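S.K.: My questions all concern the structure below.
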Amino acid sequence: METESERCQPKRTPANRTGTLRAPILCVPTDPPRPIVNNQSSIINSHAFTLIELLVVIAVIALLMAILIPALQRARRQARTVVCQSNLRQWAMTLSAYTEEHNGHFPSSGNRNNGIWMLRGTFIGDEDPNADHTAFHGFTTRRIALCPAATKPFRNGTFRISQSGTEGTWRIEGEAGSSTDAWQVLVPGPPFAGSYGYNGSLFHGFTAMEQPRMRLGKVFFNVLSMRGLASIPVMLDSTTPMSDPFISMSPPMGDGRHGGAGLNRYCIDRHGLAVNGMFLDWSVRKVELKELWVLNWAYDFDRAGPYTRAGGVQPDDWPKWMRSCKDY
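Numbering (our numbering), first residue to last: 29 to 356.
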């Protein structure tokens, strides 16, 4: 069999007896040349993805993002919950030290509104809220006043609190918070923001109504002498600095917008249909929203009311956004 070079050489034939060479013959190889793009040494043959391979890679990335993003969001929510509970534990240490030094009394003259200054970090007497006072008995509260899930104020409605004393009447004005927004006290200034609210009954005898003698600051009670301290809430995630739960017992139709009233101020979806709370035994834990209706808010608070299992509550009695919560 002839090789490629032999086929391309001129030959002597009988018609060419003189022995002269014929004109060179251009020989075309029988096998087609390899395409240059298949040449492994060619720069054209870079290791690029085909369209199908590229689509597969994009699909895999999208799948990973769909798996990882919810996990990251869940981890971020859990981190916020941990920081929030850490804040409340510092509040617990602060109030525990204070009550031990003051015979079980909270910083109050028997008026529930005075606890607002406790949140602010200064203890201002009910006679002169604009007086220049030092930090709240050595405790600094500004760094623990905000839940990390609600750090910035927003206009969700306003709240006003007025107080009468022997020196006249003064008022507190501010903007309410929500599940994702902090509340803010504007008057008297300077403005101060917070995310927690305290149980107002602990500042006026643990009853639904203030007693006249307590308003005059003549009667204090030892909060640590009560029974069932683990069921008595002191401070929780809230849309305002303070609330008296007995003002409104009906659950909110929405997620705690515009401040609300009574229990509605605590009934917000800040930590997965739950809020964080600190109790009178100085424990801190999550409180599911429907559980708010069975906590021991005051001596005369009905813990077997119409929105409890003992009171015969039905699933349809709750707003739609709360129906998936556990019943109590």
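Backbone N, C-alpha and C define an ideal beta-carbon position, used for all residues, glycine too. The structure displayed is predicted, hence computed values, not measured ones.
Leaving out five residues on either side along the sequence, give the residues of the same chain with a beta carbon under 8 angstroms from the beta carbon of Ala178.
M.R.: These residues qualify, in order along the chain: Gly205, Ser206, Ser207, Thr208, Asp209, Ala210, Ser223, Asp265, Arg298.
S.K.: If you draw a straight line from the alpha carbon of Arg102 to that of Ile89, how long is it in whole angstroms?
M.R.: Approximately 20 angstroms, taken between the alpha carbons.
S.K.: Does any CB atom of chain B fall closer than 8 angstroms to the CB of Asp355?
M.R.: Judged by its chain identifiers, the structure shown contains no chain B, having just a single protein chain.
S.K.: Note down the Cα distance separating Met93 from Phe187, rounded to an integer number of angstroms.
M.R.: If I take the Cα positions, the gap works out to 43 angstroms.
S.K.: Per DSSP, what kind of secondary structure is Met242 in: helix, strand or coil?
M.R.: Per-residue confidence for Met242 stands at a pLDDT of 43, beneath the threshold of 50, marking its modelled position as unreliable; the derived number appears in the next sentence. In the structure shown, Met242 sits in a helix (DSSP, three-state: H, G or I).
S.K.: Let's test the definition: count the other Cβ atoms within 10 Å of the Cβ of His232 and tell me whether it reaches 16, buried, or not, exposed.
M.R.: Buried.
S.K.: Under the rule that 16 or more other beta-carbon atoms within 10 Å means buried, what is Ile172, buried or exposed?
M.R.: Buried, since its Cβ has 16 or more Cβ neighbours within 10 Å.
S.K.: Could you give the distance in angstroms between the alpha-carbon of Lys180 and the alpha-carbon of Arg199?
M.R.: C-alpha separation (whole angstroms): 23 angstroms.
S.K.: Can you look up Trp349 in the DSSP assignment and give me helix, strand or coil?
M.R.: Of the three classes helix, strand and coil, the one that applies to Trp349 here is helix, per DSSP.
S.K.: Note the first and the last residue of the continuous beta strand (DSSP E) segment covering Val251.
M.R.: No beta strand (DSSP E) holds Val251; DSSP gives it neither H nor E.
S.K.: In three-state DSSP terms, what is Arg11?
M.R.: Here the chain has residues from 29 to 356 only, and residue 11 is not among them.
S.K.: What's the gap between the Cα of Ser229 and the Cα of Leu257?
M.R.: Roughly 14 angstroms between the two C-alpha positions.
S.K.: Could you tell me the distance, in whole angstroms, from the CA atom of Gly340 to the CA atom of Ala332?
M.R.: If you take the alpha carbons of Gly340 and Ala332, they lie about 9 angstroms apart.
S.K.: Let's see if you can read the secondary structure: which residues bound the beta strand (DSSP E) around Ala302?
M.R.: Run containing Ala302: 302-307, per the beta strand (DSSP E) assignment.
S.K.: Looking only at DSSP bridge pairs, what is Val315 linked to?
M.R.: In DSSP, Val315 forms a bridge with Val303.
S.K.: CB Ser259 to CB Leu323, shorter than 8 angstroms?
M.R.: Cβ distance < 8 angstroms, so Ser259 and Leu323 count as in contact.
S.K.: Just list the residues that DSSP pairs Asp265 with in beta bridges.
M.R.: Bridge partners of Asp265: Tyr224.
S.K.: Under DSSP, the alpha helix (DSSP H) around Val111 begins and ends at which residues?
M.R.: Its alpha helix (DSSP H) spans residues 79-129.
S.K.: Have a look at the DSSP bridge pairing and note the partners of Thr186.
M.R.: According to DSSP, which records beta bridges pairwise, Thr186 is partnered with Glu203.
S.K.: Compare the Cα-Cα distances from Trp133 to each of Phe249, Val315, Trp119 and report the closest residue.
M.R.: The identity of residue 133 in the sequence shown is His, whereas the question assumes Trp. Closest by alpha carbon: Phe249.
S.K.: Return the CA-CA distance between Gln113 and Gln212, expressed in angstroms with no decimal places.
M.R.: One C-alpha to the other measures close to 21 angstroms.
S.K.: From the DSSP output, in three-state form, read off Trp211 for me.
M.R.: Reduced to three states, the DSSP call for Trp211 is strand.
S.K.: Sorted by chain position, which residues of the same chain lie with C-beta nearer than 8 angstroms to Leu214's C-beta, five sequence neighbours on each side aside?
M.R.: Excluding sequence neighbours, Leu214 sits near Glu201, Gly202, Glu203.
S.K.: Mind reading off the beta-carbon distance from Arg108 to Gly300? Whole number of angstroms is fine, and I expect it under 8 angstroms.
M.R.: Their Cβ separation, rounded to whole angstroms, is 10 angstroms, which puts Arg108 and Gly300 out of contact at 8 angstroms.
S.K.: Can you round the beta-carbon distance between Val251 and Asn227 to whole angstroms, since I take them to be within the 8 angstroms contact cut?
M.R.: That belief does not hold up - the Cβ atoms of Val251 and Asn227 are roughly 10 angstroms apart, past 8 angstroms.
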